[in-house]
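A.B. asks: If you read the sequences in order, they're chains S and B. Quick note: the first sequence, position 153, residue 153 per my numbering, numbers continuous. Positions in the second sequence are counted from 1; adding 1000 to them yields my numbering. Positions of the beta carbon are idealized from the N, C-alpha and C atoms, including for glycine.
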Amino acid sequence: MTGLIGGSALVAVGILFIILGYIIYRGAPALNLAFFTERPAPLGQTGGGVLPAILGTLTMVGIGALIAIPVGVGAGIYLAEYGRGRFAEVVRFVADLLVGLPSIAIGAFVWAILVVRVVGGYNAFAGGVALAIIMVPIITRTVEEILKLVPNSLREASLALGTPRWKTILLVVLPVARGGILTGVILSLARAGGETAPLLLTALGNQFFFFRWSDPINTLQQPMAALPLQIYDYARSPYADSHTKAWGASLVLIIVIGILSIGVRLAVRRSNLQR
Amino acid sequence: MSKRPDIPTTVPVTHDAPKLETARLREGPGAGAASRGVEYDREVQGDLRREPPVPTQRGGDPIATRPGDTGLTRTHEIEKSAYSVVAKQVSAWYGGDKPAIKDVSMTFEANRVTALIGPSGCGKSTFLRCLNRMHEETSGRARVEGEILLADQNIYGKGVDPVRVRRFIGMIFQKPNPFPMMSIYDNVVAGLKLNGMRRRADLDEIVERSLRGAALWNEVKDKLKASGASLSGGQQQRLCIARTIAVEPEVILMDEPCSALDPISTYKIEELIGELRTKYTVVIVTHNMQQASRVADYTAFMLAGDEGYGELVEYGETQQIFTNPRDKRTEDYITGRFG
Ligand SMILES: Nc1ncnc2c1ncn2[C@@H]1O[C@H](COP(=O)(O)OP(=O)(O)OP(=O)(O)O)[C@@H](O)[C@H]1O
Ligand SMILES: [Mg+2]
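Structure, rendered in structure tokens:
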């Protein structure tokens, strides 16, 4: 029995390492300094890099996080700490539906509203919003589950000291659940960072574009590159060199998400030490 | 129904009756009673709305001289007149039609320890949690009827903030529940810090005073920065007591505070309860009848009747309840014939 369970664990870990190893094996030849610092060369030409895609992914995941973390954490707290009535059940049900909603459908929805009606063209902001919609339910449900694991005795201890409920949640419950909440946030970041379908319909991708730091509003109204879109483009092209670049970009995406996760953890740990 | 014990009135009052500080349970700007070092709003009322509890003299304490009293030293002078608590026709529901307790009326005398005993499920915890409005935190459908008077004010009255009530009526739980992310020091001042008091010098003093008050100071004074979770169960429970007395409540409720502890820790807490009554009114739920007889001045026996809801059966001086119960059901219970 133990052998069986151990075997399953081995398979799970094994698959992860096989995928990772294979991507490194195929992608590593594409990596060089230019790959990180240059814009893509036209398809078929050698050289060039994926800098716009890296920046685009960071920007749109950032916009998504900016929207989704407050909304998702807030909704999770609501469901776990206050959610008792009919309304809470509806919120919970909708969050579950959203988790299961195909991301292409979310992309189509955002396209219909933000791309077609509001901005009038493919744009980065719509991409960020689509990612936010994907992130919110993930964060909401993890936060709710984590908060439910916080023993009630802690809430009671705080309440019995004459602490209002909101302060109890903010200063007693959330600190205890911090690690779990963080996991939820990182999970959602990773998921959003890898999404392709909704970005195809919203940010579209952009081979030539470079960031105009001086005019962020305008930048967000333009189509924007993103790593998954870049991978998709490279993978579809007939050139072997592009295929290597697709593997390379996949590796970069994994690295970016990894750095994001570690960065978030470190940032939170640091702010905790300073308290 | 309830047999309210007579307050000993034979003790000579040797000093002028103190002005009664009446707890103000409603929100509003406060006078800030610096006298006791805690910045909670209390309003000193000029007129006495109620006789203050009878101050007890060393050696003159009628409880200490009660015949057959095997309890701990009961000769502590009363340092602070706490408030009494009067429950009138208190019923509580967890939802649904069937109450968990029904029409419980009794008076918890100031500066006395009152024990609630009774078989499992008779509603002791429920009643206890009604006393500081914790019952309504159990679920959205929990409710309470009746009145509970703290210093003549109904804590279930209109406009009363339950959060404020709990600053006057603290609670110790069955399982020690120190805040795991906080140091011992921070645990003690948690109630103050959570409510906005942060002056370091004051906090240091309060930490020492509270830990001494909880008989824990000597054991932890060199490791105040250590995690509260690093203490033994008994120490954790005393830490919780320190945390509660740091906010200077009037009444301390304890729900089986020793049931998770070893005999020595239990002894320490029982001893501590004897000291707490010099400053606070103490209500303790216990399954241990020896414990009730050791620590409590008064004992109330509760029982869930045939209808399934808990009621107060008998209430009197501990001595009388255990040696000469008036109700047949009390006698059956204390002699172990049921429950
Ligand atoms: N959270 C709850 N929801 C619904 N009913 C409850 C809840 N807690 C207690 N009850 C019911 O209320 C009644 C009284 O319970 P309570 O916990 O007050 O008993 P108790 O006297 O403290 O028992 P014990 O000695 O075992 O602690 C019981 O019938 C119990 O089933
Ligand atoms: Mg109980």
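Closer than 8 angstroms, Cβ to any Cβ of chain S: which residues of the region 1224 to 1244 of chain B, in chain order?
C.D. replies: Within the region 1224 to 1244 of chain B, the qualifying residues are Cys1240, Arg1243 and Thr1244.
A.B. asks: For the structure I just gave you, are there three or more beta carbon pairs, one from the region 189 to 202 of chain S and one from the region 1274 to 1287 of chain B, closer than 8 angstroms?
C.D. replies: No, the region 189 to 202 of chain S is not in contact with the region 1274 to 1287 of chain B.
A.B. asks: Tell me whether B/Ser1084 counts as near ligand 2, meaning its Cβ is closer than 7 angstroms to at least one heavy atom of that ligand.
C.D. replies: Your numbering for residue 1084 of chain B matches position 84 in the second sequence. B/Ser1084 Cβ: outside cutoff for every heavy atom of ligand 2.
A.B. asks: Give the straight-line distance between the Cα atoms of B/Ala1304 and B/Ser1210, rounded to the nearest whole angstrom.
C.D. replies: Here residue 1304 of chain B refers to the residue found at position 304 when the second sequence is read from its first residue. Here residue 1210 of chain B refers to the residue found at position 210 when the second sequence is read from its first residue. Those two C-alpha atoms are separated by around 38 angstroms.
A.B. asks: On the CB-based measure, 16 or more other CB atoms within 10 Å of its CB, does S/Ala80 come out buried or exposed?
C.D. replies: By 1-based counting over the first sequence, the position of residue 80 of chain S is 80. So S/Ala80 counts as buried.
A.B. asks: Can you pull the chain S residues whose beta carbon is under 8 angstroms from the beta carbon of B/Asn1111, in chain order?
C.D. replies: Here residue 1111 of chain B refers to the residue found at position 111 when the second sequence is read from its first residue. Near B/Asn1111 there are no residues of chain S at all, since even the closest Cβ is about 21 angstroms away, more than 8 angstroms.
A.B. asks: Report the neighbours of B/Gly1170 on chain S: residues whose CB is nearer than 9 angstroms to its CB, in chain order.
C.D. replies: Numbered from its first residue, the second sequence carries residue 1170 of chain B at position 170. Going along chain S in sequence order, the residues near B/Gly1170 (Cβ under 9 angstroms) are Ala160, Leu161 and Gly162.
A.B. asks: So, for B/Arg1129: in the same chain, excluding its five sequence neighbours on each side, which residues have a beta-carbon less than 7 angstroms away from its beta-carbon?
C.D. replies: As a position in the second sequence, residue 1129 of chain B is number 129, starting the count at 1. So the qualifying residues of the chain are His1135.
A.B. asks: Which of the three DSSP states is assigned to S/Arg269 in this structure?
C.D. replies: Along the first sequence, one-based indexing puts residue 269 of chain S at 269. Note: S/Arg269 maps to helix in three-state DSSP.
A.B. asks: What residues match up with B/Glu1317 in a beta bridge as DSSP calls it?
C.D. replies: Here the question's residue 1317 of chain B lines up with position 317 in the second sequence. B/Glu1317 is bridged to B/Tyr1298.
A.B. asks: Within the chosen definition, does the region 137 to 147 of chain S reach the region 199 to 209 of chain S through at least 3 CB pairs nearer than 8 angstroms?
C.D. replies: No, the region 137 to 147 of chain S is not in contact with the region 199 to 209 of chain S.
A.B. asks: Does DSSP put S/Ala112 in a helix, a strand or coil?
C.D. replies: For the purposes of this step, residue 112 of chain S is taken as the residue at position 112 of the first sequence. Helix, per DSSP.
A.B. asks: Per DSSP, which one or two residues make a beta bridge with S/Pro70?
C.D. replies: One-based indexing of the first sequence puts residue 70 of chain S at position 70. Paired residues: none, contrary to the question.
A.B. asks: In the DSSP assignment, find the alpha helix (DSSP H) that holds S/Ile231 and state where it starts and stops.
C.D. replies: Stepping through the first sequence from its first residue, residue 231 of chain S is reached at position 231. Counting along the chain, the alpha helix (DSSP H) containing S/Ile231 begins and ends at Leu227 to Arg236.
A.B. asks: Going along chain S, which residues have a C-beta under 7 angstroms from B/Leu1276?
C.D. replies: The sequence position of residue 1276 of chain B within the second sequence is 276, counting from 1. Within 7 angstroms Cβ-Cβ: nothing; B/Leu1276 doesn't reach chain S, min ~16 angstroms.
A.B. asks: Would you tell me roughly how many angstroms separate the C-alpha atoms of B/Gly1316 and B/Ala1300, rounded to the nearest one?
C.D. replies: Working through the second sequence from its first residue, we reach residue 1316 of chain B at position 316. Working through the second sequence from its first residue, we reach residue 1300 of chain B at position 300. The alpha-carbon atoms of B/Gly1316 and B/Ala1300 are separated by roughly 7 angstroms.
A.B. asks: Using 8 angstroms as the threshold, is the C-beta distance between B/Phe1108 and B/Val1090 below it?
C.D. replies: One-based indexing of the second sequence puts residue 1108 of chain B at position 108. One-based indexing of the second sequence puts residue 1090 of chain B at position 90. No; because the gap between Cβ atoms is not below 8 angstroms, this pair is not in contact.
A.B. asks: Let me check one thing: in DSSP terms, what residues is S/Asn40 bridge-paired to?
C.D. replies: Counting from 1 along the first sequence, the entry for residue 40 of chain S is found at position 40. It should be pointed out that residue 40 of chain S corresponds to Pro in this sequence rather than to Asn. Answer is S/Gly48.
A.B. asks: Using DSSP's beta-bridge definition, name the partner residues of B/Ile1148.
C.D. replies: Numbered from 1 along the second sequence, position 148 holds the residue referred to as residue 1148 of chain B. Beta-bridge pairing links B/Ile1148 to B/Ala1087.
A.B. asks: Could you tell me whether the region 1143 to 1160 of chain B touches the region 117 to 134 of chain S, using the rule of 3 or more Cβ pairs below 8 angstroms?
C.D. replies: Short answer: they don't touch.
A.B. asks: What does DSSP give as the partner residue(s) for B/Ser1227 in the beta ladder?
C.D. replies: Sequence index remark: in the second sequence, residue 1227 of chain B carries index 227 (1-based). According to DSSP, which records beta bridges pairwise, B/Ser1227 is partnered with B/Ser1183.
A.B. asks: Between the region 1157 to 1191 of chain B and chain S, which residues of the former have CB atoms less than 7 angstroms from a CB of the latter, in chain order?
C.D. replies: Correct list: Val1163, Arg1164, Arg1166, Arg1167, Gly1170, Met1171, Phe1173, Lys1175, Asn1177, Phe1179, Pro1180, Met1181, Ala1190 and Gly1191.
A.B. asks: Please look up how many angstroms separate the CB atoms of S/Gly74 and S/Ala197, rounded, as I've assumed it's under 8 angstroms.
C.D. replies: Taking the first residue of the first sequence as 1, we reach residue 74 of chain S at position 74. Taking the first residue of the first sequence as 1, we reach residue 197 of chain S at position 197. 27 angstroms between Cβ atoms; not a contact.
A.B. asks: Between the C-alpha atoms of S/Val115 and S/Phe109, what's the straight-line distance to the nearest angstrom?
C.D. replies: For the purposes of this step, residue 115 of chain S is identified with residue 115 of the first sequence, where counting begins at 1. For the purposes of this step, residue 109 of chain S is identified with residue 109 of the first sequence, where counting begins at 1. Distance between the alpha carbons of S/Val115 and S/Phe109: 9 angstroms.
A.B. asks: Taking 8 angstroms as the CB-CB limit, is B/Val956 close to chain S?
C.D. replies: No information on residue 956 of chain B is available, as it lies outside the stretch 1001 to 1339 that chain B covers here.
A.B. asks: Would you mind telling me which residues of chain S sit closer than 8 angstroms to B/Met1134, beta carbon to beta carbon, in chain order?
C.D. replies: For the purposes of this step, residue 1134 of chain B is taken as the residue at position 134 of the second sequence. Those are Glu156, Leu159 and Ala160, listed as they occur along chain S.
A.B. asks: Which residues, in order along the region 1114 to 1142 of chain B, keep a beta-carbon less than 8 angstroms from a beta-carbon of chain S?
C.D. replies: The residues in question are Asn1132, Met1134, Glu1137, Ser1139 and Gly1140.
A.B. asks: Three or more beta-carbon pairs under 8 angstroms between the region 1282 to 1292 of chain B and the region 1256 to 1263 of chain B, yes or no?
C.D. replies: The answer is yes - the region 1256 to 1263 of chain B touches the region 1282 to 1292 of chain B, with three or more Cβ pairs under 8 angstroms.
A.B. asks: Whole angstroms are fine: how far does the CA of S/Ala34 sit from the CA of S/Ile18?
C.D. replies: The count along the first sequence starts at 1 and reaches residue 18 of chain S at position 18. The count along the first sequence starts at 1 and reaches residue 34 of chain S at position 34. So the alpha carbons of these two residues sit roughly 27 angstroms apart.
A.B. asks: Helix, strand or coil, according to DSSP, for S/Ala192 in the structure here?
C.D. replies: On the first sequence, residue 192 of chain S is found 192 positions in, with the first residue counted as 1. Helix, per DSSP.
A.B. asks: Between the region 46 to 66 of chain S and the region 249 to 264 of chain S, can you find at least three pairs of beta-carbon atoms closer than 8 angstroms?
C.D. replies: Yes, the region 249 to 264 of chain S touches the region 46 to 66 of chain S.
A.B. asks: Whole angstroms is fine: what's the gap from B/Arg1166's alpha carbon to B/Ile1172's?
C.D. replies: By one-based count along the second sequence, residue 1166 of chain B stands at place 166. By one-based count along the second sequence, residue 1172 of chain B stands at place 172. Taking the straight line from one Cα to the other gives about 12 angstroms.
A.B. asks: Hey, would you say the C-beta of S/Val256 is under 7 angstroms away from at least one heavy atom of ligand 2?
C.D. replies: Within the first sequence, residue 256 of chain S is the residue found at index 256, counting from 1. Checking every heavy atom of ligand 2 against the Cβ of S/Val256, none is found closer than 7 angstroms.
A.B. asks: With respect to the alpha helix (DSSP H) encompassing B/Val1207, which residues constitute its N-terminal and C-terminal limits?
C.D. replies: Translated into the one-based positions of the second sequence, residue 1207 of chain B becomes position 207. Counting along the chain, the alpha helix (DSSP H) containing B/Val1207 begins and ends at Arg1200 to Gly1213.
A.B. asks: Under the criterion of a Cβ to heavy atom distance below 7 angstroms, does B/Cys1122 qualify as lining ligand 1?
C.D. replies: Counted from its first residue, the second sequence places residue 1122 of chain B at position 122. Answer for B/Cys1122: yes, Cβ within range of ligand 1.
A.B. asks: Report buried or exposed for B/Val1247, applying the criterion of at least 16 other Cβ atoms within 10 angstroms of its Cβ.
C.D. replies: Indexing the second sequence from 1 puts residue 1247 of chain B at position 247. Buried is the call here.
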